[in-house]
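These protein sequence lines are chains L and V, in that order. Going by this note's numbering, the letters in the first sequence line up with residues 21 to 341, in that order. Going by this note's numbering, the letters in the second sequence line up with residues 2 to 406, in that order.
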Amino acid sequence: MPKKNIFKIADIVVFAALIAITFRSFSDRAVAAKIDAAVLPEEINKGFYEVINSGLEVEGEDSNETSSVSRYTFLKGALDGEIVTMDDWKVLSNNIVYQIQTDETVLDFRDGTGVVVKKEEFPTGTYGTLRGAEIEGDGKVIDVSDYSAVMATVNEGSYSEGKDLKDITDFYTYLKTLNGTEYTVFIAVCEEGTSSLNDKLVELLKKLGVKTDLNERAEDSVLDRIHYRDSYYVVLFHGESLDENVSHDKIATSGNLVGGTEYEIESAGYDTGEPVASIKISGEEYAMNQIGMNFVVYDEKNHEVVDRVCFDTHEGLFCHR
Amino acid sequence: MDYTWYKLMLEIIKIKINKISDGLYYLGAVIYFTFSIIATSHVRTLLGSKNYILIMSGMLGLLLLRELLGFIFVKRYGIREVIGLLICGFFWYIAEKNDSSILVCSYLLVFASRNVDMKQAYRIILITIVLTCTAVFLLAENNVILNSIYYDEGRYRHIFGFHYQLIPPCHLLNITMIFAVLKREKISFTEIGILFFLNGALYRWCRADLSGAVTLVVLLFMILIKLYPKLLTIDFLLYNLLDRIAVVIFPLCMALSLVISICYSDSVGWMKALDVATRGRLHFPQQAIERYGFSMLGQNINFIGMGVDGASHGGEYDYVDNLYISLLLRYGVIFMVIGILLLTVTMYYLYQKNMRIWLWMLSLWALHGLLEDRMHMVYFNSLLLIIGQAVQNVKINSIHEKTKT
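Right under this line is the structure:
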C-alpha cells in the first residue's frame, strides 16, 4: 500500500478516535475523569462548594446604605484540612477577591461566630461574634488567605478531643467524634434527609458503617438525588451496619442488640404523606422526630442513651436537641 | 554613463530592506500577540504594568521603524497609505480618550499588514498564540500564577491562569479560525480532531457556550470543506447569494443591534424570552443607550460586570455584551461609521478575490459580535489583520466583477 494512503488512513483513524473520546467524555464520567486527571494535575475538591454552602445558596447580596455583602455559610467542623482542603480555601480566597462583586464577604459558621472580610482590606479579615454582617467588639484580626491560620483561630478551644457528644452542634464534628466509639448508633430519617449532604459527609457516615450512598445522583441528571424524600434507617455498631434500609415507602424494623436490649425503628419520608422518625429503645421513644437525620446514641455497657439529636440534613445541617 | 549597476544595486537594497521590514513586522506581531495574550492572564501581574507598557511601546517603535524604512527606501506613500495613517491616528485619539492608548498597537498592526505575506504572517501568529496560551496554562497548573476554579450556577469553570473563564475558549476560537483560513481544504483530519477534542475539553472545563458553539460550527465547516473542497470555489446560486450577504453583514448586524436595542420591550413575549435566553443581552444595550446616549466622539463608560477582559467592578451589573452598541456608545458615531465602512470594504475585497472561506469566517465573527463585545481586539480576532491588505488593494468595481481564481 502506498505511503500516502497509509497516512490518509492513519489521519482518519486518529480523527475518529479523538471525536469518539470527546463524545464519550460527555456521556461517560469515567472517561471524563481520566482526561481531567491526565491534564489537570491538581484536582480541586469537587465537593467544595457543597461543603461551603451546606446545601444553601450563597445568600446573595444584602444591600445596606453603604455597602453590599456576600455571605458564605458553613460549619467549623469542615475546616480541618481534609473536608475543606488547602486548594478549596484557595478557591474561596480567589472568589472573595475576583469573583464576588460586593464590598464585603461574611463567612458565617452558624454558631454565632464568623469572619468579616472587606474586599479592599483582603487578605485581612476579622473573626469574632457575628451580628448580622458585623463583628461585635474588636474581634481578632486574621489573614484569610492563610488557611492554617484560619483553622487554628476558628477551632481554638472549640472542638478538642474527648468533647461530650451532647455538647457538639457541628455535624462534621459529631460524626468524627462518633467514629471509633463503642456506642450503638440509631439513625432514622424524618421527611427528608439528603439535600444538605455532600460527598464528605457521606464518607464520614461510611466510616461509621453506613452502606447506602445517600448522596447518590441520578445517571441522567447530577442535580437529582436518588434518595430525595426517601425513608431511611440504620443501626450501627463498631463500624458495621447491623440493620439498614432505604425506601420510598414507610419502613420499620425491630430487633435485639447484643446485650438483649430491644429496639424499634420507623422512618417515613415526605412522599409517604405522614413523615415520621421513631427510635424506641426498650419501649421508650427517644427520637427527636424532626426533619432530617434523627440520631440516638446508646451505650450498651451502661445500658443508657448517651445522646439524642437531630441534624437537619435537608437544609442547613442545623442541630436540634 | 551606464547607470545599470546603480539601478541593480538599488533593487538589491530594496529587496533587502523589504526583507528587513517584513522581519520587523513579524517580530512586532510576535511581541504584540505574546504580550496581549499575557495581558489577558495573571502573568501580567508578574510582568508589571510599567514593563508591559514599555514592551508594547517597543513593538510600536518596531512597526514605525518599518514604515519609515519602507517610506524612505521602498515606496512613497500613496493616498491609501495616508488615509490609513489618518484613520489610525483618529482611532488612537478615540481609544486614548475613552479606553486605553495601548489599542494603537492593534490599529498600527492592521495598517502595517497591508503589504506583508499574510500566509507567512498567520503561520507565525498561530505558533505564537499556541505557545503563549500553553505557557500561561503551564504556569497556572504549576502555581506560578493564580489558578482557580469558579462555581457558577451549578457548574465548575476553570480559568487556567487567565483573568476569566471565557478567555481560553476565546483564544481557541481564534486559533481555529486561523487554521481554517490558513489551511483550508489542506487541513488534516487529525488537526480537526485535535481542535475538536480541545473544544470539547474546554467546554467541559470553562463552559463558554457561545465560543464553544462557534468553534464547533467552524470545525463542522472545516470537515465539510475537507470532504467537498469545491465548496470554496463553486459558482452556485445559493453560495453566491450568501457571499453577497456576507459583504454587507457588518452594516446589517449594526442595524439589527440598533433596532433591537431601541425597540426592545419587556411586554413582548418573544423579546422577553430571547432576553432571558441570552442573559440580558437585549435589555442591557437598551438601558445603556437610555443612560448614556450617543455621541460623535464617544465617552468614557465603565460598564459593570465581568467582561472577557476579566475586569470586575462592584455595583449593579449593566455590561453591554453587544460589540456594535458597546463601541457605538464608548467610541462614538464617527468611529463606528469608519469601522463599519472598513469592514465592509474588506468583505467586498474578499468577495472580489473569491476568498469565500474568509468571507464566511468573518461573517461568523460579525454574528458573534451581536453577543460578545471584545471581537474588535486583534488578539481575540486575528482575522482583522486582513483589513490592511483589503483596504490597500481593493478595486472599486461593480459588485458583479469577481476575480477568476
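For each residue, glycine too, the CB sits at the ideal point set by N, CA and C.
What would DSSP say about residue i, mapped onto helix, strand or coil?
i, result
"L:Glu85", "At L:Glu85 the pLDDT is 39, less than 50, meaning the model places this residue with poor confidence; the figure from the coordinates comes in the next sentence. Coil."
"L:Phe262", "Per the sequence presented here, residue 262 of chain L reads as Leu, with Phe not at that position. Three-state result, L:Leu262: strand."
"V:Arg45", "helix"
"V:Val395", "coil"
"L:Ser90", "strand"
"V:Val249", "coil"
"L:Lys300", "strand"
"L:Gly289", "strand"
"L:Asp319", "strand"
"L:Val34", "helix"
"V:Glu68", "helix"
"V:Arg77", "coil"
"V:Arg282", "coil"
"L:Arg237", "strand"
"L:Arg245", "strand"
"L:Val111", "helix"
"V:Asn241", "helix"
"V:Gln300", "coil"
Going by DSSP, name the residue or residues bridged to residue i.
i, result
"L:Val137", "L:Thr125, L:Gly145"
"L:Val254", "L:Ile207, L:Glu264"
"V:Ala367", "According to DSSP, which records beta bridges pairwise, V:Ala367 is partnered with nothing at all."
"L:Ser274", "L:Glu284"
"L:Cys330", "L:Asn314, L:His340"
"L:Val325", "L:Tyr318"
"L:Glu305", "L:Lys300"
So with Cβ pairs under 9 Å, would you call residue i a contact of chain V?
i, result
"L:Ile116", "no"
"L:Phe342", "Because chain L here runs from 21 to 341, residue 342 of chain L falls outside it and cannot be looked at."
"L:Ile299", "no"
"L:Ala208", "no"
"L:Val316", "no"
"L:Ala52", "yes"
"L:Leu38", "yes"
"L:Thr42", "yes"
"L:Val161", "no"
"L:Asp219", "no"
"L:Thr35", "In the sequence as presented, Thr is not what sits at residue 35 of chain L; that position holds Phe. L:Phe35 counts as touching chain V."
"L:Ser45", "yes"
"L:Ile103", "no"
"L:Ile246", "no"
"L:Asp355", "This structure gives no information on residue 355 of chain L, because the portion of chain L shown stretches from 21 to 341."
"L:Ile55", "yes"
"L:Asn322", "no"
Flag residue i as yes if its beta-carbon sits less than 9 Å from any beta-carbon of chain L, otherwise no.
i, result
"V:Ala202", "yes"
"V:Ser42", "no"
"V:Thr35", "no"
"V:Arg280", "no"
"V:Gly162", "no"
"V:Ile193", "yes"
"V:Phe295", "no"
"V:Ser189", "yes"
"V:Gly315", "Caution is warranted here: a pLDDT of 48 is assigned to V:Gly315, below 50, making its placement in the model unreliable, and no coordinate value can be reported."
"V:Phe197", "yes"
"V:Arg185", "no"
"V:Arg115", "no"
"V:Arg292", "no"
"V:Arg205", "yes"
Kindly give me the distance between the Cβ atoms of residue i and residue j, rounded to whole angstroms, as I take these residues to be in contact under 8 Å.
i, j, result
"L:Ser302", "L:Thr281", "6 Å"
"V:His159", "V:Ser42", "Between V:Ser42 and V:His159 the Cβ distance is about 13 Å, and since that is not below 8 Å, they are no contact."
"V:Leu386", "V:Ser114", "4 Å"
"V:Leu360", "V:Asp244", "6 Å"
"V:Asp319", "V:Leu372", "Going by Cβ atoms, the distance from V:Asp319 to V:Leu372 rounds to 16 Å, so no, they are not a contact pair."
"L:Thr149", "L:Lys160", "Between L:Lys160 and L:Thr149 the Cβ distance is about 11 Å, and since that is not below 8 Å, they are no contact."
"L:Leu185", "L:Asp327", "4 Å"
"L:Gly312", "L:Gly213", "5 Å"
Compute the minimum distance between the beta carbon of residue i and the heavy atoms of the ligand FAD, and state whether it is under 8 Å.
i, result
"V:Asn301", "You won't find the ligand FAD in this model; it holds no ligand whatsoever."
Could you pull out every unbroken alpha helix (DSSP H) segment of at least 4 residues lying fully inside the segment 89-170 of chain V, listed in chain order? 105-113, 119-142
At 3 residues or longer, and completely inside the segment 146-213 of chain L: list those beta strand (DSSP E) runs for me, N to C. 160-163, 204-211
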